[in-house]
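Worksheet: the structure to be examined is printed underneath.
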Amino acid sequence: MMRWHPRLVEAAKALNENRLDIAERLLKPHLMEDPFDVRAIRMLAELAARLGRLKDSEVLLRRALEIDPNFTGARANLAMVLGRLGRPSEALELLDGVFEAEPDRVGHLNLKAATLGRLGDFEQALMLYEQVLSRAPNQPRVLMSYGHMLKTVGRLGDSVAAYRDAIAINPALGEVWWSLANLKTVEFTDEDIAAMEAALARSDLKDDDRFHVEFALGKAFHDRGRGTRRSPITRRATSFGANIIRSMRIT
């Protein structure tokens, strides 16, 4: 097994902790010294994708595959980037090679399910999500994606159940709360409100999660009226959510 350069180990740790500036400062000098290190190229491509520079990520991943056509990880990453670029047919073609090389990777199944969903093959996508969840049941983001797909095909009760399973595993996953609020048919319970308040009180809550939880909590209090006693957090969320609700004309 090829050993990792210590600089790459640090860069991988920085990426895992979402310290993108540090990862970039480590990766670029490394690639100046070794421009053929496909693992470093792949990591820089991941960094670019996280910053929304998807075309840059695509170029980097294609470069990695030129150097090493058998680099399955780069192929899978490229399929994901192409899907985000609105090119799911190209992504699906790449995934065929990924499955041939690594047929048992749950992550590849999840990526194929998302890609099929973008292509409108919802039933096949749902089957794949169910395979993923049978093999790795405690994956809140997979459950969330499954819930989105169930909502798309009109299975709203099953969608709510999937969202709530995701919340049970990770109550700080803001997009799930947002998704429940956007269904407009879910009445948030006292326990839901307590869970959202607890999430907002966390110092490590990511900005995107905070935005989504505040929206959902604001809608919860908006639906209940303004007579309930609330903490400063929930008063802010109420105002925040109500403003968005008015702008979106949610009733």
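In our numbering, the protein residues as written are 19 to 269.
C-beta: ideal position from N, C-alpha, C; glycine also.
Please tell me whether residue i and residue j are closer than 7 Å, where the distance is taken between their beta carbons.
i, j, result
"R93", "G115", "yes"
"P158", "A184", "yes"
"L26", "A63", "no"
"G192", "Y181", "no"
"A199", "A234", "yes"
"A41", "L65", "yes"
"L112", "L96", "yes"
"A217", "A190", "yes"
"I85", "F117", "no"
"M162", "V194", "yes"
"V171", "F140", "yes"
Can you tell which of the options has the C-alpha that lies nearest to the C-alpha of residue i?
i, options, result
"V241", "M214, R220 and T207", "Sequence inspection shows Asp at residue 241; the Val mentioned does not correspond to that position. The option with the nearest alpha carbon to D241 is T207."
"V204", "G172, A238 and I185", "A238"
"A143", "P53, K169, V178 and M50", "K169"
"P186", "N156, N200 and A119", "Correcting the residue identity first, residue 186 is Ala in this sequence and not Pro. Among N156, N200 and A119, the Cα nearest to that of A186 is on N156."
"S152", "V124, A109, F54 and G104", "V124"
"A119", "E108, T90 and R37", "T90"
"D210", "F117, N188 and N88", "N188"
"A32", "M61, V194, E51 and F229", "M61"
"W196", "F229, E215, L174 and S177", "F229"
"N88", "Y147, V56, E76 and A109", "V56"
"R37", "P24, L69, P121 and L110", "L69"
"A213", "E232, D225 and G175", "E232"
"E51", "D39, A67, H23 and S75", "H23"
To the nearest whole angstrom, what separates the beta carbons of residue i and residue j, a pair I think is in contact under 8 Å?
i, j, result
"L127", "V150", "5 Å"
"L44", "A29", "4 Å"
"R102", "L72", "6 Å"
Practice task
Tell me the start and end of each unbroken alpha helix (DSSP H) in the region 185-232 that is at least 4 residues and wholly inside, in chain order.
Solution key: 192-201 and 208-218
Handout entry: Ordered list of alpha helix (DSSP H) runs contained in the region 55-107, each at least 4 residues
Key = 56-68, 72-85 and 90-102
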